[in-house]
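I have placed the structure first, in the form of structure tokens, so that the comments after it can refer back to it.
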Amino acid sequence: MDWIKSTLESTPEIALFVCLALGFALGRVKIWKISLGGVAGTLIVAIFLGMVADIELNDQVKTIAFALFIFTLGYISGPTFFASLNRKSLRYATFTGIEVVSVLAITAAAVLIMNLDVGTAAGLLAGGATESAAVGTATDAIGRLDLSASEIATLQANVGTAYSISYICGLITIVLLSSQFFPLMMRVNLREEAAKLWAKLGGATDDATAAPAAPPIVGREYLVSAAAGRTVAELQSDLGEATVEEVSRGGAAVKVEPGTRLAQGDKVLLVGRRESLVGAAAHVGTEVNLDESMGMSLDLADVVVTRKGYKASTLGDIRRDFEDERQGVFLQRITRGDHELPVQPKTLIQRGDTLRLAGAARDMQRAVPMIGFRIDPKVTFDMVFIAVGVVLGFLIGMLVWTVGTIPLTLGTGGGCLLAGLLFGWIRSKRPTFGQYDSGAADVIKTLGLATFICAVGLSSGPQAVALVKEFGIGLPIAGVCMTAIPAFISLFVAWKVMKLPAPLTLGAVTGQQCSTPGVTAVQGAAGNATPLMAYTIVYAFSNVVLPLLGPIVVAMAHAIG
1 MDWIKSTLES TPEIALFVCL ALGFALGRVK IWKISLGGVA GTLIVAIFLG
51 MVADIELNDQ VKTIAFALFI FTLGYISGPT FFASLNRKSL RYATFTGIEV
101 VSVLAITAAA VLIMNLDVGT AAGLLAGGAT ESAAVGTATD AIGRLDLSAS
151 EIATLQANVG TAYSISYICG LITIVLLSSQ FFPLMMRVNL REEAAKLWAK
201 LGGATDDATA APAAPPIVGR EYLVSAAAGR TVAELQSDLG EATVEEVSRG
251 GAAVKVEPGT RLAQGDKVLL VGRRESLVGA AAHVGTEVNL DESMGMSLDL
301 ADVVVTRKGY KASTLGDIRR DFEDERQGVF LQRITRGDHE LPVQPKTLIQ
351 RGDTLRLAGA ARDMQRAVPM IGFRIDPKVT FDMVFIAVGV VLGFLIGMLV
401 WTVGTIPLTL GTGGGCLLAG LLFGWIRSKR PTFGQYDSGA ADVIKTLGLA
451 TFICAVGLSS GPQAVALVKE FGIGLPIAGV CMTAIPAFIS LFVAWKVMKL
501 PAPLTLGAVT GQQCSTPGVT AVQGAAGNAT PLMAYTIVYA FSNVVLPLLG
551 PIVVAMAHAI G
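Per UniProt numbering, the sequence shown starts with residue 1, numbered consecutively.
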């Protein structure tokens, strides 16, 4: 045991990865429908490890890790955040406003009632709002207070301990409220309401979480009989979401154009959505085995919506307005930030969304430039652009405004977040540079935050027991209130004032706290992805605003404490 302790103390890099391994393993453990997640699990493991060993990660490691995380968070959120600043989406910012006002008011009350120190107050807010990024911005702000080094170290340690307690309480609260108690209070069957909304959006009533047993885009070859004498355009109008890609007559290829007239005995290759080809034989002729000479490979592409002058529109409107231009191109997936949206006619497509398209190469070459920029799968990380952005973030974070005796600064966290937003927005406007693959971004974001949280937890360990003894049951109660009060207010506003459908109401409530476990639980209860349509918009606002509360809560607690 002594050997393990001395090894961890002398080589903190080993301690870091021990915490990451055990923390992410702990984060996977599910109790009922709730799991902590890797970051919270890492914090808990690090706190306990910090209690038994004197381990300290280098400050530069902690700063770099958090800077990479917060810049990436802003970079990925930037296009969605700015795209949401429109008449259709801006009303959802109300829920972020409710969250901000509520958590600041509750924190102020807790400081006055429980006499919380600055660090504990900041950790309480970050955990109750389930916003890990606020830990970093608050810790950085505390480091700039006019206090001794030992006082600053104690306050920064209290941030992590208070966060871990209130986060667990907040996570359990938001999952139970959003997926179980709120539907009962609303007196609705969430699954039925979600099915109705799904059908209203233009979707089938089947469970949208089920995986398809067959690919959605297929190719079939037919021997022309019923379609003899008809043009390609006439046939395609009968088939719906299917196109004539190839025509063979007497073994020779025929040029496919809208006015091409089909003849008895022609072989045609139809490509389209599976449901559109069911019953196609009645319009064309007998289905035959696919001739290898007519075989065709579909081109797949992820395309970012960057069309100049584009305004947010529903998928149904886009399909109607670009009926001819989209011929032969099929939409398979819509991704906004880290979340996949339902592919339904009334789904709102915003600038910065990523579309997965499939179709013949010639059709893709025509359609992709009209939509935006095709992501190059060979490029995952534009190091030059990203590194320059992080440098700018550090420089912004160095700016300090002194109000009275309180230094106000965005710090590394706020500076890198704003730089990330700016560079993400630039990327959406000029997508030929600055590519940041979503997979690479997810790794950087997760590893950066987990490393920073681990450093906070290791330094929090020695003070954890004392902090819990000092405030006792008050911290968990305050953590529950920090989550529950804004959730109840938003439920009333969404359900009674805005008259949103139940799935969108619950999606907005979880989105204001950026609670992925919460919306996952709601999706499971709803049976489809409709809650994500509100969640992604509110998430975009809260993901930008909540991390900026770190310096604000530090200044507020310092002033009134």
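Note that beta-carbon positions come from the ideal geometry of N, C-alpha and C, so glycine has one too.
By the three-class DSSP mapping on this structure, what secondary structure does residue i have?
i, result
"Glu221", "strand"
"Ala301", "strand"
"Ala210", "At Ala210 the pLDDT is 40, less than 50, meaning the model places this residue with poor confidence; the figure from the coordinates comes in the next sentence. Correct three-state label for Ala210: coil."
"Met492", "First, the residue type needs correcting, since residue 492 is Phe and not Met in the sequence shown. Correct three-state label for Phe492: helix."
"Gln332", "strand"
"Ser10", "helix"
"Val256", "coil"
"residue 588", "Since the first residue shown for the chain is 1 and the last is 561, residue 588 is missing from the structure and cannot be characterised."
"Val456", "helix"
"Ile349", "strand"
"Tyr167", "helix"
"Arg356", "strand"
"Ala242", "strand"
"residue 567", "Outside the shown range of the chain (1 to 561) lies residue 567, about which nothing can therefore be said."
"Lys196", "helix"
"Glu56", "coil"
"Ala384", "According to the sequence displayed, residue 384 carries Val and not Ala. Three-state DSSP puts Val384 in a helix."
"Lys378", "coil"
"Ala204", "Caution applies to Ala204, whose pLDDT of 46 falls short of 50 and renders its modelled position unreliable; the value that the coordinates give is listed next. In this structure, Ala204 counts as coil in the three-state DSSP scheme."
"Arg427", "helix"
"Val284", "coil"
"Tyr310", "coil"
When the distance is taken between beta carbons, is residue j closer than 8 Å to residue i?
i, j, result
"Leu418", "Gly74", "yes"
"Leu355", "Ile375", "no"
"Val554", "Ala141", "yes"
"Gly37", "Thr483", "no"
"Gly393", "Phe71", "yes"
"Ser269", "Ala227", "The residue you asked about is not Ser; residue 269 is Leu in the sequence shown. No, Cβ-Cβ distance for Leu269 and Ala227 is not below 8 Å."
"Arg5", "Val52", "Checking the displayed sequence, the identity of residue 5 turns out to be Lys instead of Arg. Cβ atoms of Lys5 and Val52: closer than 8 Å."
"Val224", "Val284", "yes"
"Gly160", "Leu43", "yes"
"Ala494", "Ser179", "no"
"Ala46", "Leu458", "yes"
"Gly550", "Ala93", "no"
"residue 578", "Ala487", "As displayed, the chain neither begins before 1 nor continues past 561, which places residue 578 out of reach and without an answer."
"Gly259", "Thr286", "no"
"Gln332", "Ala358", "yes"
"Trp198", "Thr530", "yes"
"Ser35", "Pro547", "no"
"Gly434", "Gly415", "no"
"Leu26", "Gly41", "yes"
"Ser515", "Ile174", "yes"
"Val103", "Leu125", "yes"
"Leu176", "Pro183", "no"
So is residue i buried or exposed if we call it buried at 16+ other beta carbons inside 10 Å?
i, result
"residue 617", "The requested residue 617 is not part of the displayed model; the chain covers only 1 to 561."
"Asp59", "exposed"
"Leu90", "exposed"
"Leu8", "buried"
"Asp238", "exposed"
"Phe17", "exposed"
"Met556", "buried"
"Ala210", "Low confidence applies to Ala210: its pLDDT is 40, below 50, so where it sits in the model is not reliable enough to give any reading."
"Ala194", "buried"
"Gln512", "buried"
"Asp353", "buried"
"Trp425", "buried"
"Phe541", "buried"
"Ile168", "buried"
"Ala15", "buried"
"Lys30", "exposed"
"Leu235", "buried"
"residue 562", "No statement about residue 562 is possible, as the shown extent of the chain runs from 1 to 561 and does not include it."
Within 8 Å (strictly less), CB to CB, does residue i reach chain D?
i, result
"Val538", "Chain labels in this structure do not include chain D; a single protein chain is all it has."
Do the stretch 330 to 339 and the stretch 536 to 543 make contact, defined as three or more Cβ pairs closer than 8 Å? The stretch 330 to 339 is in contact with the stretch 536 to 543.
To test your reading of the DSSP string, which unbroken alpha helix (DSSP H) runs of 4 or more residues are found completely within the stretch 505 to 541? 516 to 526, all fully within the stretch 505 to 541.
Whether or not the stretch 440 to 449 and the stretch 144 to 151 are in contact is what I'm after, with contact meaning three or more pairs of Cβ atoms, one per stretch, closer than 8 Å; do they touch? Put simply, the stretch 144 to 151 does not touch the stretch 440 to 449. Fewer than three CB pairs are less than 8 Å apart.
Within the chosen definition, does the stretch 303 to 312 reach the stretch 264 to 283 through at least 3 CB pairs nearer than 8 Å? Touching, no, given that fewer than three Cβ pairs across the two stretches are closer than 8 Å.
Quick test of the definition: if touching needs 3 or more C-beta pairs under 8 Å, does the stretch 96 to 114 touch the stretch 471 to 478? Judged by pairs of C-beta atoms under 8 Å, the stretch 96 to 114 touches the stretch 471 to 478, as three or more such pairs exist.
Answer yes if the stretch 339 to 347 comes into contact with the stretch 62 to 69, meaning at least three C-beta pairs across the two stretches below 8 Å, and no otherwise. They do not touch, by the three-pair rule.
For the stretch 362 to 370 against the stretch 381 to 399, are there 3 or more C-beta pairs whose distance is under 8 Å? No, the stretch 362 to 370 does not touch the stretch 381 to 399.
Going along the chain, which unbroken runs of the alpha helix (DSSP H) with 4 or more residues stay wholly within the stretch 118 to 178? List check, alpha helix (DSSP H) in window: 118 to 128, 133 to 142, 149 to 176.
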